[in-house]
Amino acid sequence: MEQIVSKIKDLPPVRTILSIIWNDPIGRVATVVTTYLVVVATLRFQRLRSVQRQYRQYATRDGMATMTVHDAWEIQKRMQQLEYPTLAVKALQFALFRTYGIPSISSLLLKTSQFSNLSTSFKRYADTSILIAQFILFEPSSDRAVTALARTKYLHVGYRASGAILDDDLLYTLSLFVLQPIRFIAQFEWRAMSDLERCAIATYWKYLGDALDISYDALPSGKTGFRDGLHFLEELEEWSVRYEKRNMVPNAANKALADRTMDVMLYTLPRGMKHIGLRYDRPSRIYCWIFNSIMGIRRLLLRYCMLPRPYFLRTVITTDHRNDQGRYHVRVWSGAPYYVQPTFRNRWGPSAWFSRLLGLPVPGDEGEKYSPHGYEPADLGPKAFEGKGHKTVQDIKGELACLSKLPFA
Numbered sequence: 001m002e003q004i005v006s007k008i009k010d011l012p013p014v015r016t017i018l019s020i021i022w023n024d025p026i027g028r029v030a031t032v033v034t035t036y037l038v039v040v041a042t043l044r045f046q047r048l049r050s051v052q053r054q055y056r057q058y059a060t061r062d063g064m065a066t067m068t069v070h071d072a073w074e075i076q077k078r079m080q081q082l083e084y085p086t087l088a089v090k091a092l093q094f095a096l097f098r099t100y101g102i103p104s105i106s107s108l109l110l111k112t113s114q115f116s117n118l119s120t121s122f123k124r125y126a127d128t129s130i131l132i133a134q135f136i137l138f139e140p141s142s143d144r145a146v147t148a149l150a151r152t153k154y155l156h157v158g159y160r161a162s163g164a165i166l167d168d169d170l171l172y173t174l175s176l177f178v179l180q181p182i183r184f185i186a187q188f189e190w191r192a193m194s195d196l197e198r199c200a201i202a203t204y205w206k207y208l209g210d211a212l213d214i215s216y217d218a219l220p221s222g223k224t225g226f227r228d229g230l231h232f233l234e235e236l237e238e239w240s241v242r243y244e245k246r247n248m249v250p251n252a253a254n255k256a257l258a259d260r261t262m263d264v265m266l267y268t269l270p271r272g273m274k275h276i277g278l279r280y281d282r283p284s285r286i287y288c289w290i291f292n293s294i295m296g297i298r299r300l301l302l303r304y305c306m307l308p309r310p311y312f313l314r315t316v317i318t319t320d321h322r323n324d325q326g327r328y329h330v331r332v333w334s335g336a337p338y339y340v341q342p343t344f345r346n347r348w349g350p351s352a353w354f355s356r357l358l359g360l361p362v363p364g365d366e367g368e369k370y371s372p373h374g375y376e377p378a379d380l381g382p383k384a385f386e387g388k389g390h391k392t393v394q395d396i397k398g399e400l401a402c403l404s405k406l407p408f409a
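Rendered as C-alpha cells:
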C-alpha cells in the first residue's frame with residue numbers, strides 16, 4: 001500500500017499540485033478546510049445509517065408493529081444522548097411547561113403547594129426531571145427504570161383515586177412528552193427524525209403510558225388497538241391538538257403557575273434580565289427573526305461543519321452507580337443544584353464561578369439543603385412522601401414486570 005501511495009505522489013501532475021498547495025498558505029488552509037468538510041459530509045449521517053442497518057427489521061410498517069420496548073428505548077436513547085441532546089432535553093422541559101396552560105392541571109398543581117416558594121418549586125422540578133430521566137435513559141427492565149415508573153405511579157395514586165387528576169389530562173401530558181421532542185427537532189435541529197426514530201419514541205412512550213395506567217380510550221383506536229408506533233403517533237397528535245383548542249384557555253391558575261415555573265427556568269439569568277424573560281406578550285417580529293436566525297445558523301453549523309458527537313461526550317444526566325452512601329448523583333442540572341456532588345469542578349469550575357457571580361448557590365452550599373449526598377429513586381417526590389410508600393412501590397414493580405414488551409403486537 002505504501003508503495004502505491006509513493007508511486008502516486010511521484011506522478012508529475014500530482015507532484016505539481018502538491019507543490020503548489022504546499023507553497024501557498026491560502027491553498028493549504030483551503031485544502032484542510034475542504035478535507036474537513038468532506039469528512040463531515042461523509043460521517044454526519046453515519047449514526048442514522050448505523051441505526052437503520054441495525055434495526056432493518058423495522059424498515060416497513062409491518063415490521064414497526066413488532067418493535068420491542070427494548071429496541072425502542074435503545075433508539076430513542078441514542079437520540080437523547082448523542083444526536084440532539086440539548087434540544088431533546090429542552091423539548092421535554094417545554095412539554096412540562098406547556099401542560100400548565102390547561103386550567104385543570106395548573107389548578108391541581110397549585111393546590112399541592114409544591115409551588116408555594118422557590119425552594120419547593122426547585123425540588124419538585126429536580127425530582128420530576130430525575131424520574132423522567134430514570135425511565136428514559138435506563139433499560140426498561142432495569143431496577144432504575146422500573147423503580148422510577150413505580151414511584152411516579154405511586155405519587156399519583158391518591159390524586160387519581162379522588163378524581164383530582166383527569167384521564168384526559170394524563171393523556172395530554174403524555175402526548176406532549178411524545179410530540180414536543182419531534183416538533184422541536186424538526187424545527188430547530190440539523191435534521192428531522194426519521195420514521196424509524198419517530199416510531200421508536202411513540203412505541204416507548206406507549207409502553208410508559210401502559211405502565212402508568214394511562215387510558216387511550218379517547219383515541220379512535222384506543223379500544224381496538226393501534227397498528228404500530230406511527231399509527232399511535234398520528235392519532236395522539238390529532239387528539240392532542242383538538243384537546244388544546246378546547247381546553248387551553250386563559251386562567252388565573254395558569255398564570256400563577258407559569259410565573260413560579262419561570263422563576264425556575266430563568267434562575268441563572270442575571271437579575272436585571274429576569275423582568276424581560278417574564279413578559280408573556282407575543283414576541284415582536286424582530287425578536288422572532290433574531291431567534292430564528294440564531295437557530296438557523298446553529299442548524300447549518302451542526303449539519304455541515306460539525307462531526308458526530310463521539311460516545312465519550314454523550315450527555316449523562318445521572319451517575320450510573322451508587323456512591324458510598326448508596327445514592328445517585330445528578331450530573332446535568334438547571335436551577336438549584338439538588339443532588340449534585342460537590343466536587344472541585346462543580347464548586348470551582350467555570351459554571352460554578354458564573355453562579356457565584358450571580359449570587360446563586362453552587363453544589364455543596366447551605367449544608368444539606370440541596371441533598372449533596374445524592375438521591376434514592378424510591379424516595380423522590382414531595383418531602384411529605386419521603387421515606388413513604390416503599391411497600392406500594394415494590395408491589396407496583398411486581399405488576400410492571402408482567403407488562404408486554406411488544407406494545408403493538
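Heads up: the sequence shown at position 211 corresponds to 211 in my numbering, and the numbers run straight through without jumps. Glycine included, each C-beta is placed from N, C-alpha and C at the ideal position.
C-alpha distance - residue i paired with residue j, whole-angstrom precision
| i | j | result |
| --- | --- | --- |
| residue 304 | residue 78 | 20 Å |
| residue 299 | residue 247 | 34 Å |
| residue 106 | residue 243 | 15 Å |
| residue 92 | residue 188 | 14 Å |
| residue 100 | residue 254 | 6 Å |
| residue 274 | residue 23 | No answer about residue 274 holds up, because its pLDDT of 45 lies below 50 and its placement is not dependable. |
| residue 165 | residue 345 | 42 Å |
| residue 31 | residue 50 | 29 Å |
| residue 200 | residue 297 | 29 Å |
| residue 325 | residue 223 | 46 Å |
| residue 404 | residue 351 | 44 Å |
| residue 129 | residue 308 | 26 Å |
| residue 213 | residue 195 | 26 Å |
| residue 192 | residue 221 | 27 Å |
| residue 338 | residue 370 | 4 Å |
| residue 332 | residue 236 | 30 Å |
| residue 66 | residue 26 | 55 Å |
| residue 483 | residue 322 | No answer is possible for residue 483: it lies beyond the span of the chain, which begins at 1 and ends at 409. |
| residue 84 | residue 185 | 8 Å |
| residue 121 | residue 383 | 12 Å |
| residue 98 | residue 140 | 26 Å |
| residue 313 | residue 70 | 23 Å |
| residue 183 | residue 90 | 12 Å |
| residue 302 | residue 72 | 25 Å |
| residue 349 | residue 358 | 15 Å |
| residue 160 | residue 104 | 13 Å |
Cβ-Cβ distance between residue i and residue j below 8 Å
| i | j | result |
| --- | --- | --- |
| residue 216 | residue 171 | yes |
| residue 154 | residue 396 | yes |
| residue 306 | residue 40 | yes |
| residue 219 | residue 239 | yes |
| residue 143 | residue 102 | no |
| residue 377 | residue 340 | no |
| residue 413 | residue 127 | Within the shown structure, residues of the chain are numbered from 1 to 409, placing residue 413 beyond reach of any answer. |
| residue 68 | residue 406 | yes |
| residue 211 | residue 233 | no |
| residue 125 | residue 335 | yes |
| residue 258 | residue 110 | no |
| residue 147 | residue 330 | no |
| residue 47 | residue 82 | yes |
Simplified DSSP state of residue i, which is helix, strand or coil
| i | result |
| --- | --- |
| residue 332 | coil |
| residue 146 | helix |
| residue 276 | With a pLDDT of 43 at residue 276, under the threshold of 50, the predicted position of this residue should be treated as unreliable, though the coordinate-derived value follows. Of the three classes helix, strand and coil, the one that applies to residue 276 here is helix, per DSSP. |
| residue 362 | coil |
| residue 68 | coil |
| residue 375 | strand |
| residue 86 | helix |
| residue 38 | helix |
| residue 496 | No answer is possible for residue 496: it lies beyond the span of the chain, which begins at 1 and ends at 409. |
| residue 224 | coil |
| residue 60 | coil |
| residue 409 | coil |
| residue 152 | helix |
| residue 128 | helix |
| residue 315 | coil |
| residue 310 | coil |
Run of the alpha helix (DSSP H) containing residue i, from where it starts to where it stops
| i | result |
| --- | --- |
| residue 355 | 350-357 |
| residue 251 | Neither: residue 251 is in no alpha helix (DSSP H) and is coded neither H nor E. |
| residue 200 | 195-211 |
| residue 105 | 103-111 |
| residue 53 | 46-54 |
| residue 190 | Taken as a continuous stretch (DSSP letters only), residue 190 belongs to no alpha helix (DSSP H), as it is neither H nor E. |
| residue 396 | 390-400 |
| residue 229 | 229-247 |
| residue 302 | 285-305 |
CB contact below 8 Å: residue i versus chain C
| i | result |
| --- | --- |
| residue 166 | Judged by its chain identifiers, the structure shown contains no chain C, having just a single protein chain. |
(message) Taking contact to mean 3 or more Cβ pairs, one atom from each stretch, closer than 8 Å, check whether the segment 172-180 and the segment 286-301 are in contact.
(response) Counting Cβ pairs under 8 Å, fewer than three are found: no touch.
(message) Using 8 Å as the cut-off, can you tell me whether the segment 129-141 makes contact with the segment 315-333, which would need three or more C-beta pairs spanning the two stretches below that distance?
(response) yes
(request) Please confirm if the segment 224-234 is in contact with the segment 53-69, defined as three or more CB-CB distances below 8 Å between the two stretches. (result) yes
(request) Could you tell me whether the segment 139-157 touches the segment 388-404, using the rule of 3 or more Cβ pairs below 8 Å? (result) Judged by Cβ distances under 8 Å, the segment 139-157 makes contact with the segment 388-404, as three or more pairs qualify.
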